[in-house]
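S.K.: Protein chains in written order, with full-length UniProt numbering: chain C, 1 to 885; chain E, 1 to 885.
Protein chains: 2
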Amino acid sequence: YDRKHPTALNHQPNSPGPGGGLCFADGCRRVDYVLVYHCKRRQSQHRHSVVSNGNVPTPSRRSTKGDISEAVLEAGLGMEPPNEPQDKIREEFERRLQEEGLEIEHDKEVCIYVCMVITFWTKINQPFQPGVPEPQDPRTRVLSQPFSRDKLHLFDIKSKNSLFSNAIRGRIVYEILRRTACTQTCQTMGISSLLAKGVYDSAFPLHDVSIVMNDICVLQMLHEEWANYGACYKYQPMDLIRKYFGEKIGLYFAWLGVYTQLLIPASALGVAVFLYGCLTVDTNVPSQEMCDEHLNFTMCPLCDRVCDYWQLSSICSTARASYLFDNHATVGFAIFMSLWAAVFLEHWKRRQRCLQHSWDLTGMEDDEVRKPDTGTDDKGREKLLSAKGGQSPLASESLSWTDRLPGYCINISSILLMVGVTFSAVSGVILYRIIVFAVMSMNPDHEAKANVRVTVTTTAVIINLLVVLVLDEIYGAIAAWITELEIPKTESTFEEHVILKAFLLKSMNSFAPVFYVAFFKGRFAGRPGDYVYVFKDFRMEECSPGGCLIEVCIQLGIIMLGKQLIQNNVFEIAIPKLKKMYRTYKEEKDGSADEEDKDSKREPQRWDLDYDLEPYEGLSPEYMEMVIQYGFVTLFVASFPLAPVFALLNNVIEIRLDAAKFVTEIRRPDAVSAKEIGIWYNILSGISKFAVITNAFVISFTSEFIPRMVYQYLYSETGTMHGYTNHTLAYFNTRNFKPGTAPHDTDFDRQLRICRYKDYRDPPWSPESYQLSKQYWSVLAARLAFVIFFQNLAMFLSMLVAWLIPDMPRSLKEQLKREKALLMDLMLTEEINFWWLGGGSLGWLTRGTSFAQNHQLYWRTECRQVQLVHSGYSGIFMEPSDMAR
Amino acid sequence: YDRKHPTALNHQPNSPGPGGGLCFADGCRRVDYVLVYHCKRRQSQHRHSVVSNGNVPTPSRRSTKGDISEAVLEAGLGMEPPNEPQDKIREEFERRLQEEGLEIEHDKEVCIYVCMVITFWTKINQPFQPGVPEPQDPRTRVLSQPFSRDKLHLFDIKSKNSLFSNAIRGRIVYEILRRTACTQTCQTMGISSLLAKGVYDSAFPLHDVSIVMNDICVLQMLHEEWANYGACYKYQPMDLIRKYFGEKIGLYFAWLGVYTQLLIPASALGVAVFLYGCLTVDTNVPSQEMCDEHLNFTMCPLCDRVCDYWQLSSICSTARASYLFDNHATVGFAIFMSLWAAVFLEHWKRRQRCLQHSWDLTGMEDDEVRKPDTGTDDKGREKLLSAKGGQSPLASESLSWTDRLPGYCINISSILLMVGVTFSAVSGVILYRIIVFAVMSMNPDHEAKANVRVTVTTTAVIINLLVVLVLDEIYGAIAAWITELEIPKTESTFEEHVILKAFLLKSMNSFAPVFYVAFFKGRFAGRPGDYVYVFKDFRMEECSPGGCLIEVCIQLGIIMLGKQLIQNNVFEIAIPKLKKMYRTYKEEKDGSADEEDKDSKREPQRWDLDYDLEPYEGLSPEYMEMVIQYGFVTLFVASFPLAPVFALLNNVIEIRLDAAKFVTEIRRPDAVSAKEIGIWYNILSGISKFAVITNAFVISFTSEFIPRMVYQYLYSETGTMHGYTNHTLAYFNTRNFKPGTAPHDTDFDRQLRICRYKDYRDPPWSPESYQLSKQYWSVLAARLAFVIFFQNLAMFLSMLVAWLIPDMPRSLKEQLKREKALLMDLMLTEEINFWWLGGGSLGWLTRGTSFAQNHQLYWRTECRQVQLVHSGYSGIFMEPSDMAR
């Protein structure tokens, strides 16, 4: 495929040849949409295509309906009578599509496609069209209006073939496909239920090299300037992406771009914090003390019986590594990242507003709000119901609360079950660590013993990572499945619910192990002489003596990096490749069984090539990946300041990887219009708020920041950190070991009376021996006070940032005002027969006004093609000085 | 005055007689606005009125301008040449007003007024008009459109006199007054600067008994059904209020209504919590223990030398009273109130949406957003500049950042100064308490000594209250003054800044004393043997032995109630009365000096009566009072659960008091249009968020809730509260008193070794004697943990509430959709020459289109009078079934 595609890209629009097939058999009507089905006629699985388009007039046919009517033309198959029920359904569906005004043509090798009639006028105009590069004066902005058939004379229609952009034509056809009902044969509605029933195999628009912008092929430009690792330092060509893929995908890449861009300062500061740690590690008193062999702290053994006492100075390197991530600068960085999150969200709001304006989406609002109410109300339900077995659309109307109850119950219990599964997985890994550690510690080999901790930790994290990856895939499927049981009222509700559930499950899955290490590990281990045991024999695990923070760091680093690398390489590159190889292999096998066809096989058409590509599976997985990454970047940034750097490196590649996927590896997605990124924004905002709390707790409870501060200002006699290590270690009298738990073989003095352990407890000689000491409570109070301080400070600063950054840039505000004034002036002074509608309707384009009331679909034509024609006003945006009259 | 007004109310529209004067001298043109100035002609201060109106045509005069042109008619004074500069300015201003299309007539006794020409057609129609009660079918809703002169034929204009409602006519005139510039004589613009210069004395529209709704006089209905204590259990007649006073005032009363309504459940629960306290006080172990004389706790003296040891059981009553406000139920109530605040804010949003819809404000949005940018840009600045001394409007255009810097500096330093003043006031009262307490304690009289604390506390709180009241008035003035120095860009910015500053200062002023008592009092008093002294001799004050909470309760109760009572009675009733009495007195004095006029004095006209009323001073003071009250209700509700009850009682009266003020005691305000309550909503939301934090701290640190919990679950051996009192009292060895501080005369055993004090400190016999004990730190940790828990729980629940309650009621959503569909249908199928504009412009009403571009003012006529005329569509709202075609 990779070999073929570049060839196709180089083709001029409408030129015949291999990879052609962008037009109907007559070579002039453009193909807007392809429907594929399997035909059992010749006992083999042949694929068949339906290519449909609409809305260019053949005035001779439906001249009664106005200037732009829908032309219908069937270059049908008709070779055999429709026998099977699926064929019947297909026949009815296609007949109704034609009634809606679409033209359908079956492919020569049992394909159907629909295309566009280029009128004589267009034919004459067409050769000149590319020769005239469009004026791209940056001062020019074309005002656009919702298209209306009745007001045709107001629009500046240069060519009826280019009146609507390719993306919009695809969308129109998709809408018609979605709404066309089969009432006689199967009582369902829309292509999606037909796909679910297997009447059609797939439905997609074609990749189109004939879309040009300023004389250059858009697809080729996207290929060169966007889906190319060489271009990874450049901005993305947003307008081209939107032109080719529609607003929804455009917004995704715009969001990804903004996120990646803002990761740059965060990464820079993260690296600076890390470097600060590297530079000051030698002047840091606590780690110096831990490395100082003269201080001679004899620590209590790490496991019962088989483990020996040990010198604190032996973990010097861990202590030093820990300091790299756990120093004063980290606290400042955590506050900075809270602000960063607020700035990111505000900045995205502004960018979104700008895009809405330049993509003409501002007016969409009202209809979008209204749409879920009834617009797609019936559709959504029907789609879901029919996907579940094709009940009549009427049956779903009467769903009462009690009908939904079982669905809700299954939902809640499934989610609880999944939560349970996640926690079991985490607990399983903990048990693995505890047991393997205990077992391996019994190994008499000293060499092996030294590496026990490293081995156990590494293997456990890798198991964790694998569990996370596997459960991630399962949870995605479960979220969609249980939401369908809920029978949500509208399509957008359905999507939101799936996303929310999938996010809940997947984020829990990804973050639970990190949460465990950060906040729970080692806190229930007990103390020497009174350890906590699981399964009677195994001691609860403790953090490594260097502190829990370094373990959080390792856990986070491996899960985040591993997830990214594996998801990018395996799920996004390797698996599609394998799938394709398998398909090609199967095809060849079929092909050899189907030998007689081989001779008649012609040059592959565009739709053959596109059918070979992977189907488009929505943006949710892409968003989900990035949102989980955003969680890793913000939630635990206090323990791992390098997270933004890794995210940045990943995203620079991710953008181009996704781009290449969209341009060359999947079938062209339907160009869906969208005004915002929707529920994802709320999720991001929720993560940012939660991140303030987790970071407060990480700094207070996981890092050593607070104990150090408390020591320095409350207990240290010199006001310095000297003596801190001694202060954090409690005393244990070795006589108090429970029988059989003392080390039975030791390199240390057998008469050793006192060993040390890391805790704030009263010494054995105190009246309240081994009780939590006053220091413990004062440090705890300081920790909690810091949480309150940090949380409120970060929240206040975030609110301040949100308040200081206006949602709309001042320049855009002024431009909107000027545009509105201009438009009003135009309408007022010249009294054109023009009405300004908040929303138009797709219906007008296809069936006239009566269609419009029931299907309130927002419709805007692209600004470039449909514009107000008016002397002195069309196109040129007036400067304020021009308006002062 | 009160005697006269009801008479005026009973008059039929346009009937002559005393209290008349709603029309011009010809008895038919309606008076829309009155301008008053002082004339020095006869050496006495006479008042003169200008009554201006607009927009009813005398086609003979300006017939070239279209159907509705502005008629100008001067029935001027012209008795003497304008000599003084003020007269010249006035003359130019009025000439320009006439050029704008207003009619002006001077009153017979040197008044000018402007009124409305009722055409012949109107005259015939008018007597029938009130005979036809308007259809008020609840199913009917009239769709309204912005008015346009060019599309006159589209509107259903029954009478040109009633085309625009009285409120809108006043607004139109006000807009013209505001914009008319005097360029020749004084280089200023608008009536506000002329008022500031003293060219005019005042400008206001008239109270109008001729406004009717369903045949009943609106003013009279408001008087009977709204501004009446007898109606205080009823809903407010919102539509009438809005009709008479405009949307802005309507929204204020709607908000006050919603707030009062929602106070009912809060009050009920508050009373329940209080009653729970009353009922369980006898079973409460800690207060039983404190009252138990057998336990015999001898407490350390409360002051040096002169005070004696005392028995804890002597403060039994305080302990019991304290429990009434400090029990388990209070904690639940505090959480409930956080939710209540969230519900209130969400509920108000919904109510506001509904009002926006029924008052036709939904479309205003865009213009409101835009308006601050340039619309009133110049105006705002000019108004401010001219108010400050009348520089040329052009001079203000070039204000750069450096020009504003001094203003900002003065702002910041003033605010800091005021903050300093507030803290000084609070500190002053503290010092007063400390010193007076010390002095009075020296009184050898035992009777007097017993009452020392009560006397000191009461007088101190009253002083506090007086300081708060005085500073409140001063701060209001200062906020306005320093904001003028800032020269804000637009009028709305100006208003917002004034409100924010005034709120900052006033709330600090009101809450600072309560904050001090709740969080600081007694925390810096030291301990026996090591007290903290101020001025060397005076011990820092401690809370009463019953705990700080009861003191917070008293402080809060007195300040809140006192502020409400004094503000309602003194500021809103007594002072206006006094002012009026003074004015009447002065008038009479003037009148007697001006004897020759007395004979020619005719029956007082409507404008004479209205001029005698207090001028309208904006809604800010009303909102401010309520917002500060909201602060009292939410911020410290954990310490005073009865706050909502008192607020409720106050508000039920407040609504009627304000209503009476608006209806009978002040001049009629300009009917300003407003879509939302604006910055006040943000302030309320900020208070609600802050309240979560204060309540968390009040429960943790001020109440005894946490120490009790810690004792019960951590230290109590029986798991009950028995022994709690002993646990909270530290031991003090009387030998450790500093020399000269021990009681020199005691009723107790002279050999008493140990006295007790309320603190968590180690006993004298411990190695760390008098150090903070382990209990102290564990209780502190528990307190802080509770703050974190409470804050996050309340925030989460509030977010949940905000998420669960949609901003728009479902029914409204559906209705909006149906209306839009109907309108679109109307326009589509019938192809009327109608355009739908996002915003219209006042300019069209007065000078045609060229005026419109520079002054983008949103303009909507009232729905009742201006409506679409269309067969089958006008008025009747179609049910969904009608639309299914």
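Each residue gets a CB set at the ideal place from its N, CA and C atoms; glycine is no exception. Given the structure is predicted, the values throughout are model-derived calculations rather than measurements.
#1: Which class does Phe796/C belong to by DSSP, given the choice of helix, strand or coil?
#2: Using a cut-off of 9 Å between C-beta atoms, extract the partners of residue 970/E located in chain C.
#3: At least one CB of chain E closer than 9 Å to the CB of Ile788/C: is that the case?
#4: Could you work out which residue in Gln261/E, Ala647/E, Arg305/E, Ala643/E is closest to Ala742/E when comparing CA atoms only?
#5: Would you say Leu635/E lies against chain C (beta-carbon separation less than 9 Å)?
#6: Looking only at its own chain, which residues have a Cβ that is under 7 Å from the Cβ of Phe701/C, when we skip the five neighbours before and after it?
#7: Using CA coordinates, which residue listed in Met624/C, Pro644/C, Cys307/C is at the minimum distance from Leu269/C?
#8: Rounding to the nearest angstrom, what Cα-Cα distance links Gly529/E and Arg735/E in this structure?
#9: Report the residues of the segment 775–786 of chain E with a CB closer than 7 Å to any CB of chain C, ordered along the chain.
#10: If the criterion is Cβ atoms closer than 9 Å, does the pair Arg756/C and Leu772/C meet it?
#11: Is Gly522/E helix, strand or coil when you go by DSSP?
#12: Skipping 5 residues on each side, what residues in its chain have a beta carbon closer than 6 Å to that of Gly78/C?
#13: Mapping the DSSP letters down to three states, classify Asp530/E as helix, strand or coil.
#14: Taking the beta carbon of Ser193/C as the centre, do at least 16 other beta carbons fall within 10 Å, making it buried, or is it exposed?
#15: Would Ser620/C be called buried (16 or more neighbouring beta carbons within 10 Å of its own) or exposed?
#16: Where does Thr298/C fall in DSSP's three states?
#17: What is the rounded straight-line gap between the Cα of Lys820/E and the Cα of Lys817/C?
#18: Could you check what DSSP says for Tyr276/C in three-state terms: helix, strand or coil?
#19: Compare the Cα-Cα distances from Lys579/C to each of Pro806/C, Val470/C, Tyr533/C, Glu665/C and report the closest residue.
#20: Exposed or buried, Thr829/C, counting other C-beta atoms within 10 Å across all chains shown (16 or more means buried)?
#21: Identify the continuous beta strand (DSSP E) that holds Ala730/C and give its terminal residues.
#22: Using the three-state DSSP reduction, which class does Trp348/C fall into: helix, strand or coil?
#23: Have a look at the DSSP bridge pairing and note the partners of Lys758/E.
#24: Please return the same chain residues whose Cβ sits closer than 7 Å to the Cβ of Leu812/C, not counting the five positions on each side in sequence.
#25: Does any CB atom of chain E fall closer than 9 Å to the CB of Ser773/C?
#26: Would you kindly check if the distance between the Cβ of Pro615/E and the Cβ of Phe245/E is under 9 Å?
#27: Go ahead and label Arg242/C buried or exposed: buried means 16 or more other beta carbons lie within 10 angstroms of its beta carbon, across all protein chains shown.
#28: Give me, in chain order, the residues of the same chain whose beta-carbon lies closer than 8 Å to that of Ala502/C; leave out the 5 immediate sequence neighbours on both sides.
#29: Beta carbon of Val652/E, beta carbon of Trp226/E: below 9 Å?
#30: Thinking C-alpha only, which one of Glu542/C, Leu649/C, Lys661/C, Cys543/C is nearest Phe575/C?
#31: Given a threshold of 16 other Cβ atoms within 10 Å of its Cβ, counted over all protein chains shown, does Asp658/E qualify as buried or as exposed?
#32: Look up Trp765/E in the DSSP assignment and say whether it is helix, strand or coil.
#33: Assuming the contact rule is C-beta atoms closer than 8 Å, Ala674/C and Lys248/C should be a hit. Round their C-beta distance to whole Å, please.
#34: Tell me which residues share the same chain as Tyr770/E and place their Cβ nearer than 6 Å to its Cβ, disregarding the 5 neighbours each side in the sequence.
#35: Using 8 Å as the Cβ pair cut-off and three pairs as the minimum, do the segment 258–275 of chain E and the segment 322–342 of chain E touch?
M.R.: Quick look at the numbers:
#1: The answer is helix: DSSP assigns Phe796/C an H, G or I state.
#2: Nothing in the structure corresponds to residue 970/E, since chain E is present only between 1 and 885.
#3: The Cβ of Ile788/C sits closer than 9 Å to at least one Cβ of chain E.
#4: For Ala742/E, the nearest C-alpha among the options comes from Arg305/E.
#5: No, Leu635/E lies away from the interface with chain C (no Cβ there is under 9 Å from its Cβ).
#6: Answer for Phe701/C: Phe519, Arg783, listed in chain order.
#7: Looking at the Cα atoms, Pro644/C is the closest of the given residues.
#8: Note on geometry: alpha-carbon atoms of Gly529/E and Arg735/E lie some 9 Å from one another.
#9: Of all residues in the segment 775–786 of chain E, only Trp777, Ser778, Leu780, Ala781, Leu784, Ala785 come within less than 7 Å of chain C when Cβ atoms are compared, listed by chain position.
#10: Contact: no.
#11: Annotated three-state conformation of Gly522/E is coil, per DSSP.
#12: Low confidence applies to Gly78/C: its pLDDT is 35, below 50, so where it sits in the model is not reliable enough to give any reading.
#13: Strand, per DSSP.
#14: Buried, because 16 or more other Cβ atoms sit within 10 Å of the Cβ of Ser193/C.
#15: With 16 or more other Cβ atoms within 10 Å, it is buried.
#16: Looking at Thr298/C - three-state DSSP - the assignment turns out to be strand.
#17: The alpha-carbon of Lys820/E is positioned some 24 Å away from that of Lys817/C.
#18: Three-state DSSP puts Tyr276/C in a helix.
#19: Selected option, being the one with the closest Cα: Glu665/C.
#20: Low local confidence applies: a pLDDT of 49 at Thr829/C is under 50, so the model's placement there is unreliable, with the coordinate-based value given in what follows. Taking a 10 Å sphere around the C-beta of Thr829/C, we find fewer than 16 other C-beta atoms and assign the residue as exposed.
#21: Unbroken beta strand (DSSP E) run through Ala730/C: 729–733.
#22: Three-state DSSP puts Trp348/C in a helix.
#23: Answer is Leu729/E, bridged to Lys758/E.
#24: Setting aside the 5 residues that flank it on each side, Leu812/C is surrounded in the same chain by Arg353, Cys354, His357, each with a C-beta closer than 7 Å to its C-beta; the list follows chain order.
#25: Closer than 9 Å: yes.
#26: Contact flag unset, no.
#27: Buried, since its Cβ has 16 or more Cβ neighbours within 10 Å.
#28: Excluding positions up to five away in sequence, the list reads Tyr475, Gly476, Ala479, Ala480, Ser620, Met624.
#29: No, the Cβ-Cβ distance between Val652/E and Trp226/E is not below 9 Å.
#30: The sequence as given places Ile at residue 575/C; Phe does not occur at that position. When each option's Cα is compared against that of Ile575/C, the closest is Lys661/C.
#31: So Asp658/E counts as buried.
#32: Coil at Trp765/E, not helix or strand.
#33: For Ala674/C against Lys248/C, the beta-carbon gap comes to about 4 Å, under 8 Å, which counts as contact.
#34: Result list for Tyr770/E: Arg761, in chain order.
#35: A contact exists between the segment 258–275 of chain E and the segment 322–342 of chain E.
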